[in-house]
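Input: a single structure, listed below in structure tokens.
Protein chains: 2
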Amino acid sequence: MDQSVMEHESTIKEISECMPNEEILYDLAELFRVFGDSTRIKIMYTLFESELCVNDIAEVLDMTQSAVSHQLRVLKANKLVKFRRDGKSIIYSLDDDHVRSILALGMEHVEE
Amino acid sequence: MDQSVMEHESTIKEISECMPNEEILYDLAELFRVFGDSTRIKIMYTLFESELCVNDIAEVLDMTQSAVSHQLRVLKANKLVKFRRDGKSIIYSLDDDHVRSILALGMEHVEE
DNA sequence: ACAACATATGAATAGTTGTTCATGTGTTTA
DNA sequence: TAAACACATGAACAACTATTCATATGTTGT
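Protein chains in written order, with my numbering: chain A, 1 to 112; chain B, 1001 to 1112.
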């Protein structure tokens, strides 16, 4: 095995060592997959400035209550939104500023 | 229509006005959808520190050349990677620092 | 306790997507 | 120029996902 092949092999090895482990990579992909649907993005944008109940989100986006609820479930499971009960309604809001940051960064890339 | 209903209506309207238009939202979702697959994320991570040709990516990730090429096509179409020819090989690299920023932000959220 | 309201959820379906296999295109070398 | 190499691409299939419809759960006011 000559020098250049050995260097090649060690480069390959180095890259593999820098790679985050499978589980983290899968979680990361799942996080982005949640952002990868325009209706979920719309829902997050409705919550950008103020919290809202499910019916209001459905009204703003002209969607069925069921569809919104299903998507909120996904957002909830990935800790992108949080919620609290207020009487009969359940009020949703963005979980933290990470969500806003990620949306903003994505927007920067898209608007170039 | 009483006062509270009017306020409700105007809130709904305000939110709709802040919402980015359909096309932008769709592009944004598409961008994140590209990040939403673990093999594409792996490919981007192999390119995090240094540029690589298709075969090397395939070798590092233990994937077929075809599968890698198909995914590079998606990354290319969304301007997440760029490429240049070098002899028989085509060398891929991350397109800009946006890619690194987005991956890093996502990682922050996941590692909490 | 009961009716009305707000939300969640399960099942089914239609549409989307990642991989594989086979083959095509483009480049180098003998 | 023919063979070998590196990569791209089209078709097909299996796996996944978002929405709809029907219904269940939980809360309020009477």
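Even glycine gets a Cβ: it sits at the ideal position worked out from N, Cα and C. Computed from a predicted structure; not experimentally measured.
Mind listing the chain B neighbours of Ile118 (chain A)? Cutoff is C-beta to C-beta under 9 angstroms, in chain order.
Outside the shown range of chain A (1 to 112) lies residue 118 (chain A), about which nothing can therefore be said.
Going straight from the alpha carbon of Ala29 (chain A) to that of Leu1094 (chain B), what length do you get?
Computed Cα separation, rounded: 18 angstroms.
State yes or no: is the C-beta of His98 (chain A) within less than 9 angstroms of the C-beta of Leu1103 (chain B)?
For His98 (chain A) and Leu1103 (chain B), no; Cβs fall outside 9 angstroms.
Which bits of chain B does Leu28 (chain A) rub up against, with CB to CB less than 7 angstroms?
Those are Ile1041, Gly1106, Met1107, Val1110, listed as they occur along chain B.
Kindly list the residues whose CB is nearer than 8 angstroms to the CB of Gln65 (chain A), restricted to its own chain and excluding five residues on each side of it in sequence; keep chain order.
Excluding residues within five positions, the ones whose Cβ falls inside 8 angstroms are Val54, Asn55, Ala58.
Would you kindly work out how many angstroms separate the C-alpha atoms of Phe1048 (chain B) and Asn78 (chain A), rounded to a whole number?
Approximately 26 angstroms between the Cα atoms of the pair.
So, for Arg1084 (chain B): in the same chain, excluding its five sequence neighbours on each side, which residues have a beta-carbon less than 6 angstroms away from its beta-carbon?
Taken in chain order, the residues that qualify are Ile1091.
Compare the C-beta of Glu1051 (chain B) against all C-beta atoms of chain A and say whether one is closer than 9 angstroms.
Closer than 9 angstroms: no.
Touch check for the segment 1067-1076 of chain B and the segment 36-43 of chain A: three-plus C-beta pairs under 8 angstroms?
The segment 1067-1076 of chain B vs the segment 36-43 of chain A: no contact.
Chain A beta carbons: is any one of them nearer than 9 angstroms to that of Tyr1113 (chain B)?
Any answer about residue 1113 (chain B) is impossible in this case: the structure gives chain B only from 1001 up to 1112.
Looking only at its own chain, which residues have a Cβ that is under 6 angstroms from the Cβ of Ser89 (chain A), when we skip the five neighbours before and after it?
Hits under 6 angstroms: Cys53.
Smallest Cα separation from Asp27 (chain A): which of B:Phe1035, B:Glu1014, B:Cys1018?
Closest option to Asp27 (chain A), Cα to Cα, is B:Phe1035.
Relative to the alpha-carbon of Ser1113 (chain B), which residue among A:Met19, A:Leu31, A:Glu51, A:Thr46 has its alpha-carbon at the smallest distance?
Chain B is shown only over 1001 to 1112; residue 1113 (chain B) falls outside these bounds and no answer can be derived.
In the DSSP output, what is Phe1083 (chain B) paired with across the bridge?
B:Tyr1092, per the DSSP bridge assignment.
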